[in-house]
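Going left to right, the sequence shown walks through residues 1 to 464 as the working numbering numbers them. For reference, the structure is listed below as structure tokens.
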Amino acid sequence: MPVKRTEKTRMPAREARVRARDFQEVNRGYTTFHAAFEAERCLRCQEPICVDGCPVKIPIPDFIHAVAIGDMAGAAKILRTSNPLPAICGRVCPQEIQCESECSMVKRCESVAIGHLERFVADWERTRPLAVMAATTRKEKIAVIGAGPSGLVCAGELARLGYPVTIYEALHAPGGVLRYGIPEFRLPKAVLDWEIGVLKATGVEIVCNVIIGKTLALDELLDKHGYAAVFIGTGAGLPQFLGIPGENLNGVMSANEFLTRINLMRAYEFPEADTPVRVSKRVAVIGAGNTAMDAVRTALRMGADEASIVYRRSEKEMGARVEEYHHALEEGVKFHWLTNPLEVVGNAEGWVTGLRCQRMKLGEPDASGRARPIPIVGSELLLPVDNVILAIGTTPNPLLTRTTAGLLTNKKGCLVADEQTGQTPKARVFAGGDAVTGAATVILAAGAGKRAAQAIHDALAPRR
Ligand code: FAD
Ligand code: SF4
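Here is the structure:
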């Protein structure tokens with residue numbers, strides 16, 4: 001139902017705050033009327049700073065205005081033109097530190113619920129027949145390595161610009177972390193499949209089970225298979241370990257392995273599915289980022305009686321989205337703040353029985369800008385656990401750089417590429433996403449893919 005923007009429809013701040021909270025809390029059963037009501041709170045600022053906070057520069061006031069006047073198709077079109085993965089970003093983007101933190105309404109009461117409106121519009125779009133928007137008009141073929149958000153968005157943008165694009169993906173299904181990392185309860189596979197379906201409908205070809213650097217060399221794509229340019233979006237999927245005693249015991253695994261076994265290999269259906277996963281009664285997850293929250297909440301769903309987070313800093317320094325932290329608290333996850341693991345303890349059969357830790361206090365900021373954790377002497381403790389899951393970070397897999405001449409990496413193992421264009425030191429090869437920045441966010445990877453697609457087009461367009 002269209003809502004006309006008049007003085008009368010403006011709400012007093014207190015009521016607006018209540019409405020905003022209601023809208024954010026009700027995920028199901030809200031209608032275009034509720035969405036329009038929330039959208040009506042947008043001031044349509046002359047200089048919309050919310051757009052500055054968005055890595056793919058969605059024209060936020062325009063799509064929100066379309067919602068406010070009941071033009072859902074218009075809102076969907078505006079969104080999709082600047083972000084090819086709106087149903088995904090509406091669910092997993094950290095809006096609270098991006099567009100919503102910049103929103104002028106924060107000063108008055110509460111930010112416009114930009115992320116929830118994005119999700120609402122994208123979900124509305126999913127109920128409508130697919131509108132195919134691109135046709136191949138260019139002859140130069142482009143190859144994309146990796147079907148995570150950076151690769152998918154780069155491919156989608158190139159297809160929109162008229163290029164024939166093929167994505168080569170190492171795993172048996174596309175999506176990258178969106179498929180193997182982020183669990184169903186946060187990002188349903190049906191939503192991911194739909195977004196990938198839209199990209200395929202625009203002409204993007206996806207070839208799975210091909211590891212570039214093993215099945216095919218990157219140079220073969222350029223020289224033998226005739227691709228005019230290659231985009232590398234291989235992510236940062238190599239888990240880091242602590243290097244403490246006991247890490248090789250049975251029952252210790254990386255969060256990436258744990259989540260992949262469940263999300264991609266459907267361990268929850270074992271033995272119908274081939275891959276098992278062992279989840280015991282007491283699970284400790286080390287780390288406090290999004291990956292740690294996903295792992296600990298998944299452990300509870302897999303039947304753990306007690307699941308806890310062990311983190312050497314405090315709640316203030318954790319990397320997870322506030323929303324994920326609140327969900328974990330609501331679900332009964334325990335938090336051991338200022339607690340640093342020293343050793344995984346096991347029994348004679350080689351199974352985990354506990355985690356020996358030390359209490360910490362916070363000191364001055366370190367190189368990361370966060371308060372440095374300092375051990376408290378004589379504060380050791382033993383947490384009785386039977387599973388330890390490590391979620392302390394990931395780095396890019398070195399396979400591609402080791403097998404391709406002309407690519408450079410920095411000291412963190414990330415690919416060297418121009419921040420704006422994604423151009424690597426190797427001619428006709430571009431890169432973006434976690435492979436370049438290290439583990440970051442979906443929208444930053446999407447933004448890098450989008451900019452690289454434009455740079456590839458700019459490089460090829462003069463040859464027309
Ligand atoms: P990826 O998503 O890692 O995709 C890379 C793809 O390349 C993979 O499919 C991989 O199989 C493929 N590949 C790798 N090497 C090769 C090769 N040699 N040949 C062919 N294919 C190859 N971000 C958020 O914004 N919000 C969240 O809530 C959030 N939650 C997260 C939860 C978890 C558990 C994890 C692990 C990450 C989370 N992130 C979140 C981070 C976000 O998912 C990543 O920043 C993003 O997926 C990076 O995208 P990418 O395209 O660079 O790489
Ligand atoms: Fe609307 Fe907030 Fe953006 Fe202003 S900053 S245009 S109020 S969403």
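The beta-carbon is built from N, C-alpha and C at its ideal position, and this holds for glycine as well. For clarity, every value in this text was computed on a predicted model and none was experimentally measured.
Let me know if residue i comes out buried or exposed under the rule of 16 or more other beta-carbons within 10 Å of its beta-carbon.
i	result
residue 368	exposed
residue 414	buried
residue 288	buried
residue 88	buried
residue 366	exposed
residue 140	buried
residue 245	exposed
residue 2	Below a pLDDT of 50, predicted positions are generally treated as unreliable, and residue 2, at 40, falls in that range; the measurement from the model is reported next regardless. With fewer than 16 Cβ atoms within 10 Å of its Cβ, residue 2 is classed as exposed.
residue 171	buried
residue 225	exposed
residue 294	buried
residue 460	buried
residue 448	buried
residue 423	buried
residue 52	exposed
residue 130	exposed
residue 358	buried
residue 42	buried
residue 26	Its pLDDT being 43, under 50, residue 26 is placed unreliably in this model, and the coordinates cannot settle the point.
residue 376	exposed
residue 55	buried
In the structure shown, what three-state DSSP assignment does residue i receive?
i	result
residue 268	helix
residue 487	Nothing in the structure corresponds to residue 487, since the chain is present only between 1 and 464.
residue 208	coil
residue 308	strand
residue 446	helix
residue 380	strand
residue 178	helix
residue 361	strand
residue 282	strand
residue 150	helix
residue 426	coil
residue 32	helix
residue 126	helix
residue 189	helix
residue 24	Per-residue confidence for residue 24 stands at a pLDDT of 47, beneath the threshold of 50, marking its modelled position as unreliable; the derived number appears in the next sentence. Correct three-state label for residue 24: helix.
residue 351	strand
residue 65	helix
residue 334	strand
residue 56	coil
residue 372	strand
residue 248	coil
residue 392	coil
residue 253	strand
residue 410	coil
residue 345	strand
residue 356	strand
residue 79	helix
residue 495	The structure shown has nothing for residue 495, since the chain only spans 1 to 464.
residue 466	As shown, the chain starts at 1 and ends at 464. That puts residue 466 outside it, with no answer to give.
residue 164	coil
residue 236	coil
residue 452	helix
Using a threshold of 8 Å, state whether the C-beta atoms of residue i and residue j are closer than that.
i	j	result
residue 235	residue 177	yes
residue 446	residue 117	no
residue 390	residue 241	yes
residue 180	residue 264	yes
residue 221	residue 210	no
residue 174	residue 212	no
residue 271	residue 394	no
residue 255	residue 228	no
residue 388	residue 284	yes
residue 466	residue 169	Residue 466 cannot be examined here, being either before or after the span of the chain that is shown, 1 to 464.
residue 93	residue 50	no
Is any non-hydrogen atom of ligand 3 found closer than 7 Å to the C-beta of residue i, if you look at the structure I gave you?
i	result
residue 84	Of the ligands this structure carries, namely ligand 1 and ligand 2, none is ligand 3.
task: Count the C-beta pairs between the stretch 339 to 349 and the stretch 321 to 328 that are closer than 8 Å, then say yes if the count reaches three, no if not.
output: Contact between the stretch 339 to 349 and the stretch 321 to 328 is not established, with fewer than three Cβ pairs separated by less than 8 Å.
message: Is it the case that the stretch 249 to 262 contacts the stretch 270 to 283, given that we only count it when at least three CB pairs across the two stretches are under 8 Å?
response: At 8 Å Cβ cutoff, the stretches touch.
query: Are there three or more Cβ pairs, one per stretch, closer than 8 Å when the stretch 156 to 172 is compared with the stretch 449 to 461?
result: At 8 Å Cβ cutoff, the stretches touch.
query: Within the chosen definition, does the stretch 353 to 362 reach the stretch 377 to 396 through at least 3 CB pairs nearer than 8 Å?
result: Segment contact: the stretch 353 to 362 against the stretch 377 to 396, three or more CB-CB distances shorter than 8 Å; contact assigned.
query: With a cut-off of 8 Å, do at least 3 Cβ pairs link the stretch 54 to 71 to the stretch 107 to 122?
result: In this structure the stretch 54 to 71 lies against the stretch 107 to 122, because at least three pairs of beta carbons, one per stretch, are closer than 8 Å.
field: Any 3 or more C-beta pairs closer than 8 Å across the stretch 179 to 197 and the stretch 163 to 170
entry: No: fewer than three Cβ pairs fall under 8 Å.
- prompt: Quick check: the stretch 70 to 80 against the stretch 121 to 132, are there 3 or more CB pairs under 8 Å?
  reply: Taking 8 Å as the limit for Cβ pairs, the verdict is that the stretch 121 to 132 does touch the stretch 70 to 80.
query: Does the count of Cβ pairs from the stretch 93 to 104 and the stretch 66 to 73 closer than 8 Å reach three?
result: Look at the beta carbons and you see the stretch 93 to 104 not touching the stretch 66 to 73: under three pairs across the two are nearer than 8 Å.
query: Just checking, does the stretch 311 to 323 make contact with the stretch 415 to 435 on the three C-beta pairs under 8 Å criterion?
result: Remark: fewer than three beta-carbon pairs, one from each stretch, lie closer than 8 Å, so the stretch 311 to 323 and the stretch 415 to 435 are not flagged as touching.
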